[in-house]
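The opening position of the sequence shown corresponds to residue 0 in numbering that gives the first Met the number 0, with each subsequent residue numbered one higher. From the three backbone atoms N, C-alpha and C, an ideal C-beta is built for every residue, glycine too. For clarity, every value in this text was computed on a predicted model and none was experimentally measured.
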Amino acid sequence: MTGGDGNPPGVILAAPSSSGGKTTLTLALLRWLRHAGRRVASIKVGPDYIDPAFHAAASGRPCRNLDVWAMRPDTLADLAWRAGTAVELVVVEGVMGLFDGVAGSPGSTAGLALATGWPVVLVVDVRGQAGSAAAVVHGFHSFHPELRLAGVIFNRVSSDRHEALLRRALAPLAVPVLGAVRRHAGLTLPDRHLGLVQAAEHPDLEVFLDRAAEIIGREVDVPAFVAIATPLRLPRPKAGAPFGLPPLGQRVAVARDRAFAFAYEGMLESWHAAGAEVLPFSPLSDQEPAADADAIYLPGGYPELHAGELADRHRFLGGLRRAAEIGKPVYGECGGYMVLGRGLVDAHGHRHAMAGLLTLESSFAKRRLQLGYRQVALAGNTPLGPAGAIYRGHEFHYTTVLGGPAAAPLFRCWDAEGLTCPPAGERRGGVMGSFIHLIDGPWSP
């Protein structure tokens, strides 16, 4: 196994379906390896902001996202190599089930495994089954002949006898069992409507991670897991080659706190690589964007949980308005878009005035799920790029829009299968926003 500045070795944790325990096992392995003195980094497959923050807490290193559908090949390769810089191992957490993704595309955990050459360890939730688990593993092992299923970890095992039955059932298959993790009270993380409660809000996260690492060290053969890793197959990117989203300006003020936590590490990294300076500020602390910033970015997050506080942050809102008055680019995604609008109605039906720079009125009083990948084209010339520039991203929120469509939408929009969606977002001068989180672009038409 190579590491450091060489070709980064990695291994992918996947599962037959969501909610099988991938995240907890990934965090436990990262923390165990960190305690063991191993230089380990992590990757999360697909569009996810919350799990990567837990990864970073467990490993002590930033977690990057890789998305085979939404990222151009050069961006995918660049971020994979960056994740492996100066580490011995990259641990990858998959998304949903191993083969779940966009129909007719490689946009799944299996697609990433095939692209990177990294082997897969299947996490199987064995509650209520014994011999049937072997049939599940056999199906996943044989489904795609080019994908390397290199091991299995049984999760939520009830007893020693249960483990013995599972191992006996799997013995005829050429898939090693790397561990059998028992059901443990307290090895779950609280969640809310967009996923787990954020890492920064978890008061006992360090205790949780240390306990999880202790358990995984007893119940998983971690050295055998590490030995499975193989080098990255993607080509090393050329030095200085652009990747990711172009920066909004040379000095970009970026909102970063509990209300605005949904910014991709890889995107901010691409801005740094392009020579831009990122200037973080906290709206919840009533900080205004840096006066010498030439652009402002409000990422998504949970403004609906802090709407009353944000409505009372006059320095923050005033800073946004002054920037808009002098024509600075101001861009909001999802939660950031809501804050740029006129008002936000919280889950209790109370309306809170927002910045008023766009016409959007959003409400959580009656939730409506909007979820899916999006391919978009700019509907006009904006600081994001010229009219017609193509980007890919995703939409995931429970917001109801009060009122009709914007007079000047930001994007023309299609779903991942190419079906036309309604126009998205709004633009007014240099102020722009939508519910879509951009992941990569611009793509060639």
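Round the Cβ separation of residue i and residue j to the nearest angstrom and send it over; I've been treating them as touching at under 8 Å.
i    : j    : result
H201 : R257 : Not really, about 12 Å apart at Cβ, beyond 8 Å.
V91  : V136 : V91 to V136, Cβ: 19 Å. No contact.
P288 : G317 : Not really, about 10 Å apart at Cβ, beyond 8 Å.
I42  : A85  : Going by Cβ atoms, the distance from I42 to A85 rounds to 15 Å, so no, they are not a contact pair.
R71  : D345 : Incorrect: roughly 38 Å between the Cβ atoms, too far for contact.
H351 : G342 : 6 Å
G355 : R426 : Rounded, the Cβ-Cβ distance is 15 Å, inconsistent with contact.
L65  : A79  : 6 Å
P236 : A273 : Actually they are not in contact, since the Cβ atoms of P236 and A273 sit about 14 Å apart, beyond 8 Å.
A294 : G248 : 3 Å
E324 : G340 : Incorrect: roughly 17 Å between the Cβ atoms, too far for contact.
F139 : V176 : Incorrect: roughly 14 Å between the Cβ atoms, too far for contact.
A69  : R321 : With 8 Å as the limit, A69 and R321 do not qualify as a contact, their Cβ atoms being about 34 Å apart.
Which one or two residues does DSSP pair with residue i in a beta bridge?
i    : result
V174 : DSSP output for V174 lists no bridge partner at all.
E360 : G342 and L401
D291 : Looking at the DSSP assignment, D291 forms no beta bridge with any residue, so it has no partner.
D439 : R391
A254 : F280
G9   : V89 and T229
L297 : G331
I42  : R63 and V91
A423 : F410
R350 : V344
V125 : None, per the DSSP bridge assignment.
F261 : G299
S433 : E332
Y372 : H393
G384 : T381
V120 : L12 and G150
V206 : None, per the DSSP bridge assignment.
V221 : DSSP lists no partner for V221.
Return yes when the Cβ of residue j is within less than 9 Å of the Cβ of residue i, no when it is not.
i    : j    : result
C412 : V375 : yes
Y372 : H393 : yes
G265 : L297 : no
G299 : H143 : no
F262 : V253 : Per the sequence presented here, residue 262 reads as Ala, with Phe not at that position. Taking 9 Å as the Cβ cut-off, A262 and V253 qualify as a contacting pair.
D220 : G178 : yes
V338 : P279 : no
R181 : R155 : yes
F395 : L370 : yes
G93  : L111 : yes
P328 : P382 : yes
T23  : L267 : no
F224 : L28  : yes
A114 : L75  : yes
G424 : F410 : yes
G331 : M431 : yes
S443 : I389 : yes
P385 : A405 : no
A109 : A14  : no
G243 : W31  : no
R250 : A275 : yes
A133 : A260 : no
Following a CB-centred definition, is residue i positioned closer than 8 Å to any heavy atom of the ligand HEM?
i   : result
V91 : With respect to the ligand HEM, the structure offers nothing, as it holds no ligand at all.
Establish whether the CB of residue i and some CB of chain C are separated by less than 9 Å.
i    : result
D293 : The chain inventory of the structure shown lacks chain C, comprising one protein chain alone.
Inset, instruction - Take every Cβ of the segment 114-124, pair it with every Cβ of the segment 144-157, and state whether three or more of those distances are shorter than 8 Å. - result: yes
Inset, instruction - Count the CB pairs spanning the segment 103-114 and the segment 48-62 that are closer than 8 Å, and state whether there are at least three. - result: no
Legend entry - Minimum length 3: unbroken beta strand (DSSP E) runs contained in the segment 132-184: 148-156 and 176-181
Legend entry - contact_flag[the segment 356-367, the segment 384-404] where n(CB pairs < 8 Å) is 3 or more: yes
Legend entry - Meets three-Cβ-pair contact criterion under 8 Å: the segment 218-231 and the segment 80-94: yes
Legend entry - Ranges of the beta strand (DSSP E) found wholly within the segment 51-113, counting only runs of at least 3: 62-65 and 88-92
Inset, instruction - Would you be able to state if there are at least three C-beta pairs under 8 Å between the segment 205-212 and the segment 164-171? - result: no
Inset, instruction - Flag this pair as touching only if the segment 266-285 and the segment 307-314 have three or more C-beta atom pairs under 8 Å; answer yes or no. - result: yes
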